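Enquirer: Starting off with a structure, shown below.
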Amino acid sequence: MKPASDMADESTTLTDEEILALVETRSQRFQRQIRFRDWRELIAGGVVAVMIAPAVVRGPLLARAGALIVLAGVALVAFRLFAARRLTAPGGIDPALPVANALHVELDRVDAQISLLSGVAWWYVAPLLGGSVLLVAGAHGRAGWPFTLGYTAFAALLGWGIIVLNQRAVRRTLQPKRKEIMALLAQIES
Amino acid sequence: MVETKHEQRFLALVRENDGRLRHICRVYARDVEARKDLYQEIMFQLWRSLPSFAGASSIDTWVYRVALNTALTHARRRSVRAETPLEEDHVEGADLASSDTTDDTPDLGEQSERLYAAIDRLGDVDRMLVTMYLDDRSYREMAEVIGISESHVGVKLHRIRKALARALSEEPV
Chain A
1 MKPASDMADE
11 STTLTDEEIL
21 ALVETRSQRF
31 QRQIRFRDWR
41 ELIAGGVVAV
51 MIAPAVVRGP
61 LLARAGALIV
71 LAGVALVAFR
81 LFAARRLTAP
91 GGIDPALPVA
101 NALHVELDRV
111 DAQISLLSGV
121 AWWYVAPLLG
131 GSVLLVAGAH
141 GRAGWPFTLG
151 YTAFAALLGW
161 GIIVLNQRAV
171 RRTLQPKRKE
181 IMALLAQIES
Chain B
1001 MVETKHEQRF
1011 LALVRENDGR
1021 LRHICRVYAR
1031 DVEARKDLYQ
1041 EIMFQLWRSL
1051 PSFAGASSID
1061 TWVYRVALNT
1071 ALTHARRRSV
1081 RAETPLEEDH
1091 VEGADLASSD
1101 TTDDTPDLGE
1111 QSERLYAAID
1121 RLGDVDRMLV
1131 TMYLDDRSYR
1141 EMAEVIGISE
1151 SHVGVKLHRI
1161 RKALARALSE
1171 EPV
């Protein structure tokens, strides 16, 4: 049997086995993507929660408040990503919809992604990095202010980088995609 | 090899629509690699969506919807519809006229080549309509696939015919 990647050559008439192998390969890749994505997020959230959770119940008040904010931030990030995933899952749009309807659904998805990435400062950067600054400040006390200052500068730089990267993704990827969908809808409606 | 009912149904669907799917791949993907990729993606989407086909529309309409939605998404992802030299368009357009599944370029007259080159220069949505029109689909089916009214299909096809006539009346480049 030929590898699936060679099967759809225009000059080839595929056998039944080849067709089934082709869709099976795609199905497996699709399932792997979903599994990998689920585990990656679950592990990342779990690791942060396990590391931060002890700080909520012991240590100075400021550090506990910071840890609590970070934990709440992890929950918020998980919620936002979960909500976004429902819209952007690989199989999210039913391909059997009429073309115009499918484009409207895709436009909604793109708008949701733009909204998600545009607001990354408040739902991602602020709680996670802001909370971590409070945690560091509380843990190091007044005596450790130089470290706290250095960490704050690092967190600010990191936060700025995250915001800039997300804005760039909106500008370079999502806005052009939105424009293309709008152009197709205009073609349909004209 | 023992095939399940789903596999049998899927294989029958692919066999019945193979030429149609290949035409769509040729219209929406420029090079061989892009066509192969699109063909596989359409097959996968048909495979994945077939269990949810409830018969609300005809199977042909359903196949067209899945294939064209996939082609549009694919074309946007790969930007395969970049500006192309006229010569390439001629070859691709000529392929569209063939209902067989080989790469042999059919011996079409110059007029036909120019017609199909002109079709290939249409917008994505207009090419959808022309593809279905050449496949003898009714206005109603075209309307159901795209999600517009039958009268709108009629208006669009009228415009497309005029555009094609204009393109054909021009001197060849």
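Protein chains in written order, with this note's numbering: chain A, 1 to 190; chain B, 1001 to 1173.
Think of the CB as a built atom: it goes at the ideal place given N, C-alpha and C, for glycine as much as any other residue.
The structure displayed is predicted, hence computed values, not measured ones.
Looking only at its own chain, which residues have a Cβ that is under 8 Å from the Cβ of Asn166 (chain A), when we skip the five neighbours before and after it?
Expert: Leu117, Ser118, Val120
Enquirer: May I ask which residues mark the beginning and end of the alpha helix (DSSP H) holding Glu1041 (chain B)?
Expert: 1032-1049
Enquirer: Give a yes or no on contact between the stretch 1057-1066 of chain B and the stretch 1133-1151 of chain B, applying the rule of three or more CB pairs nearer than 8 Å.
Expert: Cβ pair count under 8 Å is three or more, so yes.
Enquirer: Looking at Ala67 (chain A) and Gly174 (chain A), is the spacing between their C-beta atoms short of 7 Å?
Expert: The residue asked about is misnamed: residue 174 (chain A) is Leu in this sequence, not Gly. Contact flag unset, no.
Enquirer: Could you check which residue in A:Asp16, A:Ala55, A:Val105 has the C-alpha nearest to that of Leu185 (chain A)?
Expert: A:Val105
Enquirer: So is Asp1031 (chain B) buried or exposed if we call it buried at 16+ other beta carbons inside 10 Å?
Expert: exposed
Enquirer: Does the stretch 53-70 of chain A touch the stretch 96-115 of chain A, meaning 3 or more C-beta pairs lie closer than 8 Å?
Expert: no
Enquirer: If the cut is a Cβ gap below 8 Å, which residues of chain B does Lys177 (chain A) touch?
Expert: Arg1076
Enquirer: May I ask you to verify whether the stretch 1028-1048 of chain B touches the stretch 1070-1077 of chain B, counting CB pairs closer than 8 Å and requiring at least 3?
Expert: yes
Enquirer: Count the other CB atoms within 10 Å of the CB of Pro127 (chain A); is the residue buried (16 or more) or exposed (fewer)?
Expert: buried
Enquirer: With a threshold of 8 Å, are at least 3 pairs of Cβ atoms found where one atom belongs to the stretch 70-80 of chain A and the other to the stretch 36-51 of chain A?
Expert: yes
Enquirer: Give me the chain B residues within the contact set of Ile188 (chain A), using Cβ-Cβ distance strictly less than 8 Å, ordered along the chain.
Expert: Simply Val1125, Ile1146, Gly1147, Ile1148.
Enquirer: In whole angstroms, what is the alpha-carbon distance linking Ser190 (chain A) and Arg178 (chain A)?
Expert: 18 Å
Enquirer: In whole angstroms, what is the alpha-carbon distance linking Asp1136 (chain B) and Phe1044 (chain B)?
Expert: 26 Å
Enquirer: In whole angstroms, give me the CA-to-CA distance for Leu103 (chain A) and Ala63 (chain A).
Expert: 48 Å
Enquirer: Any beta-carbon of chain B closer than 7 Å to the one on Glu180 (chain A)?
Expert: yes
Enquirer: Return the residues of the stretch 50-71 of chain A that lie within a Cβ-Cβ distance of less than 9 Å from chain B, sorted by chain order.
Expert: none
Enquirer: Excluding the five sequence neighbours on either side, which residues of its own chain have a C-beta within less than 8 Å of the C-beta of Phe1010 (chain B), listed in chain order?
Expert: The residues Leu1046, Trp1047, Leu1050, in chain order, have a CB closer than 8 Å to that of Phe1010 (chain B) in the same chain once the five nearest residues on each side in sequence are set aside.
Enquirer: In this structure, how does DSSP classify Ser1151 (chain B) when only helix, strand and coil are distinguished?
Expert: helix
Enquirer: Which residue wins for smallest C-alpha separation from Gly150 (chain A), given the options A:Phe82, A:Val133, A:Gly138, A:Trp160?
Expert: A:Val133
Enquirer: Here's the rule: buried if 16 or more other CB atoms are within 10 angstroms of the residue's CB, otherwise exposed. What is Val1145 (chain B)?
Expert: buried
Enquirer: Which value, in whole angstroms, describes the spacing of the CA atoms of Gly138 (chain A) and Tyr124 (chain A)?
Expert: 21 Å
Enquirer: Does DSSP put Arg1137 (chain B) in a helix, in a strand, or in coil?
Expert: Three-state result, Arg1137 (chain B): coil.
Enquirer: Tell me whether Ser1099 (chain B) is buried or exposed, calling it buried when 16 or more other Cβ atoms sit within 10 Å of its Cβ.
Expert: Residue placement at Ser1099 (chain B) cannot be trusted, given a pLDDT of 39 that sits under 50; what the coordinates show is reported in the next sentence. Classification for Ser1099 (chain B): exposed.
Enquirer: Does DSSP classify Asp1179 (chain B) as helix, strand or coil?
Expert: The first residue shown for chain B is 1001 and the last is 1173, placing residue 1179 (chain B) beyond what the model contains.
Enquirer: What in chain A is Cβ-close to Met1132 (chain B), meaning under 9 Å?
Expert: Within chain A, no residue comes near Met1132 (chain B); the closest Cβ sits about 11 Å away, beyond 9 Å.
Enquirer: Can you tell me which of the three DSSP states Phe1053 (chain B) falls into?
Expert: coil
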